[in-house]
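Peer 1: As numbered in the working numbering, the sequence shown has no gaps in its residue numbers, which increase by one up to the final residue, 812.
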Amino acid sequence: MSGCARDLLAAPASMWKTPETRGSLQLTGKLVLGVLLALLPVLVLLALGWRADANELRHETFRGMRGAADAASILADEYLAEARKSADLLATHAAVRSLSPLQIEPLLDEVLNGDPNLHAIAVVDEDGRPIASTSDDLLPARGSEVGELLVDAVELANRGEGLVSGAAFSRGRGLPLVVASAPIRQGDRTVGAVLVGYDLGTLASRLQRLPLPDDAELFLIDPAGRLAFRCDTVHVLAGDAAVDVSKLAATSRALGGERILVAEEFAVADAVGLQQRPVALALVPTPTWRWVVGVVRPTASALAPIERRELDRLVLMVALSLVAMGGAALVGLHIVRPIRQLAVQLEAFGRGDLQVRSDLHTGDELESLAGTFNSMAGRLQQVLGTLEAQNAELQAIAVASRAVVRELELGGVARVIVEQTGAVLRPDFVVLWLADGRRRELVLLDHAGLDEGEIADVAVVSFDTQVAAARAAREKRLLVLEDPAALPPLRPLPRLQSGICLPLLLRDELVGEIVVGSASPRQFGPLEVRLLTALGDIFSAAVENARLHDRVRQTLRLRDEFIAAAAHELRTPATALKAWVQILARDPRDDRDRKILERLHFVAERAARLARELVAVHGLTAEQRPLECRPVELHELVRAAEQAVRAFGSEATVHFTSEGAVEIEADAESLALALGALLENAARNQGGKGAIAVEIRDRGGFASVRIQDAGPAIPAGRLPHLFEPLFEPWPSGSPHYVGRIGLGLHLASIVAASHGGRIDATSGAGGTTLELLLPARRGSGVAPLPAGGAGAPAPDVWNPRARGLPLGT
């Protein structure tokens with residue numbers, strides 16, 4: 004395979020690498036991943052649904068616990084209300100109101116026997132002294148806690164109020180009680196109080212009959228925050244042994260009247276005495292008496308059914324995912340096998356094996372893809388062949404194009420075109436003629452494949468002959484000779500059996516002809532004809548370039564001859580005129596003659612100066628006078644130029660600014676002319692009067708002579724042409740127009756360029772500044788300056804070298 008084909012396939016080769024070589028996910032994995040990604044939304048939706056169900060079940064479980072606590076709080080409230088009602092009924096009985104022990108004691112025994120919930124009854128006067136009682140459990144002498152309750156009951160009774168106490172412990176019988184009291188009134192006056200003690204064990208029995216889970220526990224807390232009982236276990240103890248849960252966060256909020264439902268609680272579980280922690284807790288205060296009923300259940304056991312259900316669903320989800328991915332893997336293996344086979348063939352194709360073809364027979368899209376690949380490979384082979392031919396054609400055209408740029412002589416370009424035509428088209432011979440329109444004949448310029456006898460036969464071919472080359476030249480059109488019998492043969496070359504005759508035209512003018520031929524029958528295709536046409540166009544351009552080159556050389560030669568002759572013819576009469584003026588000036592007759600002679604001397608001096616400038620320009624541009632560089636001091640040259648300008652009649656003064664002596668290597672004669680031209684230009688711009696500022700500086704590797712006048716600003720559009728020969732800075736009709744043209748600035752720019760320097764120009768309201776930049780050492784060159792040069796004002800800057808224009812032409 005050729006280099007062109009390899010370059011074309013180099014980039015696609017990386018695209019045919021198998022997944023293993025590229026380190027990416029294999030196709031089977033991609034299929035499995037695709038199935039998993041397809042299942043992912045479904046799985047996410049299922050998981051969200053199951054999670055919502057689980058949350059609902061949790062809430063339902065907790066709501067059931069709170070419902071049980073609500074039912075227990077209602078039962079406890081009814082039981083406490085029953086105790087208070089019993090105290091109220093006794094307090095309103097006539098026997099009790101009589102405060103007679105004889106009447107009260109039989110009544111108390113009757114009531115105690117009739118109410119199984121009653122444990123003890125006592126009646127006290129307004130000072131708290133006992134009047135009658137069924138037992139000593141409600142008297143202070145028999146129970147320490149009851150004494151405090153009695154004091155509270157008496158105080159409330161004196162205010163006309165009753166009491167439902169918290170849990171109290173009877174030491175007489177060792178039972179937990181709840182004490183209710185009511186005031187005894189005689190008219191408007193409170194005369195005593197009735198106290199009844201209800202057994203909390205009875206309330207515990209009632210609460211235990213509520214439907215609760217097996218692992219649930221129920222407990223009761225009195226208004227003082229003491230644990231009254233947990234199921235059937237009594238926890239109300241006397242003194243310091245009482246279980247106080249009032250300081251716990253949950254129970255404190257419940258005692259304040261808030262209904263509490265907590266999923267995980269530790270402190271209450273410890274206080275109640277549960278072994279499993281944490282617990283789910285429901286606390287509900289009774290509606291009337293500020294007692295709190297609680298239901299606790301270990302969180303783990305409460306949520307165990309829900310967690311088992313979630314685990315079962317998770318296992319089911321994972322199993323379904325594994326089954327789906329396994330099925331996808333099996334399908335992927337079945338699909339990947341032919342794809343891998345095709346990938347191996349594509350990789351071989353990418354490495355440059357254009358003969359590889361696929362033989363897949365899967366009966367599906369892969370078989371169609373393999374057929375498409377085979378067709379593409381075949382077409383690509385054809386395209387690569389065409390590309391190789393076009394590449395060779397482009398290379399030949401490029402070589403010929405470079406030859407046109409490099410060669411100014413027709414012979415060199417003709418040799419390249421003949422060689423490239425033979426290398427690409429591979430004919431048996433190539434003939435290149437140059438047309439001579441005046442003589443109407445083709446003149447041999449170059450050839451390949453001809454022997455000496457054939458060279459003599461085709462050296463000159465007349466347009467009037469009947470050969471194919473002459474016919475193509477006459478008709479100015481391409482002739483393709485594939486059948487020798489169809490067209491007149493190229494008679495000077497009997498070997499020609501087929502060929503192409505291409506006339507070379509430039510603006511419809513015949514400049515030559517090229518013929519490629521074969522000694523055997525051959526068909527020339529469109530690519531070959533196009534290549535020959537392109538090479539012919541290049542040769543036509545080369546002919547035009549050669550003609551232009553000859554014309555330019557002839558024009559430059561005539562220009563140099565004219566300048567030299569004009570300078571000579573101008574210098575001779577100017578010198579003679581100056582001599583006669585000087586003779587006559589020795590004895591002028593009057594002031595009028597003296598002024599006339601001064602004017603004539605000025606004109607003669609100007610003509611002589613113009614002659615010297617012409618000679619200098621001709622010498623520098625034609626390189627007839629080599630530069631004689633030696634160390635020179637710029638101050639001296641500028642002073643000498645100033646004197647020359649003064650001698651020329653200028654009244655302008657020069658103000659020097661310098662950092663010290665500045666010495667460079669330069670041709671003193673030509674540099675003096677340049678400096679004189681710059682000073683004369685400055686003097687002329689300001690009318691030959693005023694001050695001219697001259698600044699000389701050493702700027703690190705090159706020297707600067709900056710000349711600034713105080714004249715009017717040069718128009719920005721004319722500033723770029725300032726250094727052109729015979730150019731007037733101000734247009735005709737301008738108030739500053741002088742109409743006096745010369746070669747001074749043009750000569751100065753040539754001198755600067757010949758020394759490796761340049762002249763920068765700026766012009767504005769303050770006048771025009773010309774800065775001459777010269778290298779301090781011969782051949783070192785001048786480094787480029789920033790825009791505007793050193794200290795230059797903002798107006799337009801003209802720098803011939805920076806604008807890409809030739810200096811010294």
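All C-beta atoms in this analysis are idealised placements derived from N, C-alpha and C, irrespective of residue type, glycine included.
Source: prediction; values computed, not measured.
1) Which residue wins for smallest C-alpha separation from I400, given the options S168, E422, G52, G769?
2) Can you give the Cα-Cα distance for G228 and S136, rounded to whole angstroms?
3) Tell me, please, which residues DSSP counts as bridged to P515.
4) Please report the straight-line C-alpha distance between A669 and G679, rounded to a whole angstrom.
5) When you compare each of G704, G515, G163 to V463 by their alpha carbons, which one comes out closest?
6) Taking the C-alpha atoms as reference points, what is the distance between T558 and D431?
7) Between A476, A764, A713, which has its C-alpha nearest G770's C-alpha?
8) CB S361 to CB L387, shorter than 8 Å?
9) Find out if the Cβ-Cβ distance for the pair T302, A266 is shorter than 8 Å.
10) Is R700 buried or exposed, if buried means 16 or more other CB atoms sit within 10 Å of its CB?
11) Quick check on the DSSP output: the alpha helix (DSSP H) that includes E261 runs from which residue to which?
12) From the DSSP output, read off the bridge partner residues of G297.
13) Which residue's Cα is closest to the Cα of A664: E672, S673, R642?
14) Assign A655 to one of three DSSP states: helix, strand, or coil.
15) Can you give the Cα-Cα distance for A426 and T375, rounded to whole angstroms?
16) For the alpha helix (DSSP H) holding I710, just list the boundary residues, first then last.
17) Between which two residues does the alpha helix (DSSP H) carrying V416 extend?
18) Can you say whether I187 is buried or exposed, counting buried as having 16 or more other CB atoms within 10 angstroms of its CB?
19) May I ask you to verify whether the region 685–699 touches the region 711–728, counting CB pairs closer than 8 Å and requiring at least 3?
20) Under the DSSP definition of a beta bridge, which residues are partnered with H450?
21) For F726, count neighbouring Cβ atoms within 10 angstroms of its own Cβ and tell me buried if that reaches 16, exposed if not.
22) Check whether the Cβ atoms of A283 and V299 lie closer than 8 Å to each other.
23) Within 10 angstroms of the Cβ of H749, are there 16 or more other Cβ atoms? Answer buried if so, exposed if not.
24) Restricting to Cα atoms, I'd like to know which of V434, E478, F466 is closest to A459.
25) Between which residues of its own chain and V114 is the CB-CB distance below 8 Å, once the five residues before and five after are set aside?
26) Would you kindly report the start and end of the unbroken alpha helix (DSSP H) that includes T205?
27) Between L505 and E455, what straight-line distance do the alpha-carbon atoms span, to the nearest angstrom?
28) Go through the region 62–132 residue by residue and report every complete run of the beta strand (DSSP E) that reaches 3 residues or more, in order.
29) Which first and last residues belong to the beta strand (DSSP E) in which G770 is found?
30) CB Q398 to CB L357, shorter than 8 Å?
31) State the CB to CB distance for the pair L230 and V246, rounded to an integer number of angstroms; the pair is presumed to be in contact (CB under 8 Å).
32) For I762, does the three-state DSSP call read helix, strand or coil?
33) Once the 5 residues before and after R806 are set aside, which same chain residues still bring their CB inside 8 Å of it?
34) Can you list, in chain order, the residues of its chain whose CB lies under 8 Å from that of G330, leaving out five sequence neighbours each side?
35) So, are the CB atoms of M320 and L49 less than 8 Å apart?
36) Have a look at A86 and R316 and give me their C-alpha separation to the nearest angstrom.
Peer 2: Put simply:
1) E422
2) 29 Å
3) A small correction: the amino acid at residue 515 is Gly; Pro does not occupy that position in the sequence shown. L437, L507, per the DSSP bridge assignment.
4) 15 Å
5) G515
6) 43 Å
7) A713
8) no
9) yes
10) buried
11) E261 -> no alpha helix (DSSP H), and no H or E assigned at all.
12) F222, L286
13) R642
14) coil
15) 37 Å
16) Per DSSP, I710 belongs to no alpha helix (DSSP H); it is in the beta strand (DSSP E), 705–711.
17) 413–428
18) buried
19) yes
20) V434
21) buried
22) yes
23) buried
24) V434
25) S89, L93, L121, I124
26) 203–211
27) 23 Å
28) 121–128
29) 770–778
30) no
31) 4 Å
32) strand
33) Because R806 sits at a pLDDT of 29, beneath the cut-off of 50, its placement in the model cannot be relied upon, and the following sentence gives the value as read from the coordinates. Only P723 meet the Cβ criterion.
34) V38
35) yes
36) 53 Å
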